[in-house]
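Asks:
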Amino acid sequence: MRDGVTPSYLWLPEGDWQDLIGFMVANYPAVTEVQWRERMARGDVVDAKGTPLRPDSPYRRGLRIFYYRELEEETPIPFEEAILYQDEHIVVADKPHFLPTIPTGRFLKETLLVRLRRRLGIEDLVPIHRLDRETAGVVVLSCNANSRGAYQSLFQKRLVQKEYEALAGPLPGREFPFHYKSRMVEGDKFFTMKEAPGEPNSETTIDVIETRGEHVLYRLWPHTGRQHQLRVHLSALGIPIVNDAFYPVALPCKGDDVSQPLKLLARAIGFPDPLTDEWRWFESRRRL
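Just so you know, we're using full-length UniProt numbering here: the sequence shown kicks off at 1 and counts up by one.
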């Protein structure tokens with residue numbers, strides 16, 4: 001681990017490349033040949049034994065290669081995460097808006113995972129679930145490989161209770177709380193979802209907490225875990241979440257603008273601890 005970043009790795013597949021540099025250039029076009037050669041010259045591309053690999057190293061199917069992902073420039077996210085709880089098995093963090101959970105795209109060190117690895121010095125730290133970059137709130141991470149499967153199984157068995165808050169427009173004519181169900185499928189754009197006819201595969205319970213001027217603060221309990229489920233459901237009801245740049249219409253990317261956070265918060269998460277049977281409940285300290 002280097003400054004919170006752990007190496008990426010790959011197994012070389014079947015192929016007829018003469019040398020390693022030929023394979024890397026052909027399969028990773030986002031990194032130039034010059035950059036790959038520089039990384040190899042620094043000894044930053046190695047095999048499973050830690051032996052540095054050279055551009056002219058022969059291509060061998062099944063060889064495991066480790067390398068570090070690099071970004072030439074990364075804009076700092078000006079909001080800090082907080083640690084709500086930590087023991088030998090899990091870390092519970094309070095993620096701010098705009099901070100991705102894991103490295104992706106143009107984000108590497110400015111992610112919750114890398115920040116926490118760097119802060120805690122725990123290389124084997126892995127999120128058990130994720131929040132969208134735009135969503136703030138509680139995230140549970142595993143720091144112990146031996147117990148990780150037990151905590152992951154809680155989500156697979158739907159034993160985890162999640163509670164969210166969202167700020168959106170009023171919804172007259174409804175009695176609260178109520179259940180909303182729909183069938184969600186991939187949207188027309190690769191990063192969005194949409195509703196479609198058919199058997200429902202998503203369900204959310206919606207309640208009102210309080211009225212705030214022209215908006216209402218809602219409490220949401222997702223009973224399923226579809227991507228963007230809460231955002232899609234409220235948008236379908238005609239009350240898209242305040243500052244939602246995806247729903248009902250996907251707007252142009254705001255880039256590094258952090259002035260209008262999505263008004264969605266993962267308020268709390270609860271589950272029966274798989275090791276002690278104790279009911280665990282963690283709440284965000286953030287407010288919309």
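Each residue gets a CB set at the ideal place from its N, CA and C atoms; glycine is no exception.
None of these values were measured; they are calculated from a predicted model.
Mind the definition here: the segment 186 to 200 touches the segment 218 to 238 only if three or more C-beta pairs lie below 8 Å; say whether that holds.
Replies: Touching, yes, given that three or more Cβ pairs across the two stretches are closer than 8 Å.
Asks: Leaving out the 5 sequence neighbours to the left and right, which residues in its chain are closer than 8 Å to threonine 6 when beta-carbon positions are compared?
Replies: Against the sequence shown, residue 6 aligns to sequence position 6. Closer than 8 Å at Cβ, skipping near neighbours: Arg117 and Glu123.
Asks: Identify every run of the alpha helix (DSSP H) within the segment 225 to 274, keeping only runs that are complete inside it and at least 4 residues long; order them along the chain.
Replies: Runs of the alpha helix (DSSP H) inside the segment 225 to 274: 229 to 236.
Asks: Measure the CB-CB distance between alanine 168 and alanine 266 and report whether it falls below 8 Å.
Replies: The count along the sequence shown starts at 1 and reaches residue 168 at position 168. The count along the sequence shown starts at 1 and reaches residue 266 at position 266. No, Cβ-Cβ distance for alanine 168 and alanine 266 is not below 8 Å.
Asks: Relative to the C-alpha of proline 261, which residue among Leu99, Leu171, Leu108 and Val216 is closest?
Replies: To locate residue 261, count along the sequence shown from 1; it is residue 261. Closest by alpha carbon: Leu99.
Asks: Is the beta carbon of proline 248 less than 8 Å from the beta carbon of serine 235?
Replies: Walking along the sequence shown from the start, residue 248 turns up at place 248. Walking along the sequence shown from the start, residue 235 turns up at place 235. Yes, Cβ-Cβ distance for proline 248 and serine 235 is below 8 Å.
Asks: Closest by CA to arginine 2, which one among Arg61, Val114 and Glu72?
Replies: Translated into positions along the sequence shown, residue 2 becomes position 2. For arginine 2, the nearest C-alpha among the options comes from Val114.
Asks: Taking only the alpha-carbon atoms, compute the straight-line gap between alanine 48 and serine 57 and give it to the nearest angstrom.
Replies: Walking along the sequence shown from the start, residue 48 turns up at place 48. Walking along the sequence shown from the start, residue 57 turns up at place 57. C-alpha separation (whole angstroms): 14 Å.
Asks: First and last residue of the alpha helix (DSSP H) that includes methionine 184?
Replies: Here the question's residue 184 lines up with position 184 in the sequence shown. It is not in any alpha helix (DSSP H) - methionine 184 instead sits in the beta strand (DSSP E) that spans 178 to 186.
Asks: If I measure Cβ to Cβ from tyrosine 68 and keep anything under 8 Å in the same chain, skipping five residues before and after, which residues do I get?
Replies: If you number the sequence shown from 1, residue 68 lands on position 68. Contacts found: Arg2, Val5, Pro7, Ser8, Arg39 and Asp44.
Asks: Determine whether the beta carbon atoms of histidine 233 and tyrosine 180 lie at a separation below 8 Å.
Replies: Here the question's residue 233 lines up with position 233 in the sequence shown. Here the question's residue 180 lines up with position 180 in the sequence shown. Against a cut-off of 8 Å, the Cβ pair of tyrosine 180 and histidine 233 comes out as a contact.
Asks: What would DSSP say about alanine 151, mapped onto helix, strand or coil?
Replies: Stepping through the sequence shown from its first residue, residue 151 is reached at position 151. It should be noted that the sequence gives tyrosine, not alanine, for residue 151. Tyrosine 151 falls in the helix class under three-state DSSP.
Asks: Helix, strand or coil: which one does DSSP assign to glutamate 38?
Replies: The residue you call residue 38 lines up with position 38 of the sequence shown. Reduced to three states, the DSSP call for glutamate 38 is helix.
Asks: Let me confirm a value: isoleucine 206 is counted as buried when at least 16 other C-beta atoms fall within 10 Å, else exposed. Which label applies?
Replies: Sequence index remark: in the sequence shown, residue 206 carries index 206 (1-based). The residue is buried, with at least 16 neighbouring Cβ atoms inside 10 Å.
Asks: Identify the residues that DSSP records as bridge partners of phenylalanine 98: which are they?
Replies: Here residue 98 refers to the residue found at position 98 of the sequence shown. In DSSP, phenylalanine 98 forms no bridge with anything.
Asks: Please determine, among Leu20, Thr75 and Gly238, the residue with the shortest C-alpha to C-alpha distance to histidine 215.
Replies: Taking the first residue of the sequence shown as position 1, residue 215 is located at position 215. Checking every option, the nearest Cα to that of histidine 215 belongs to Gly238.
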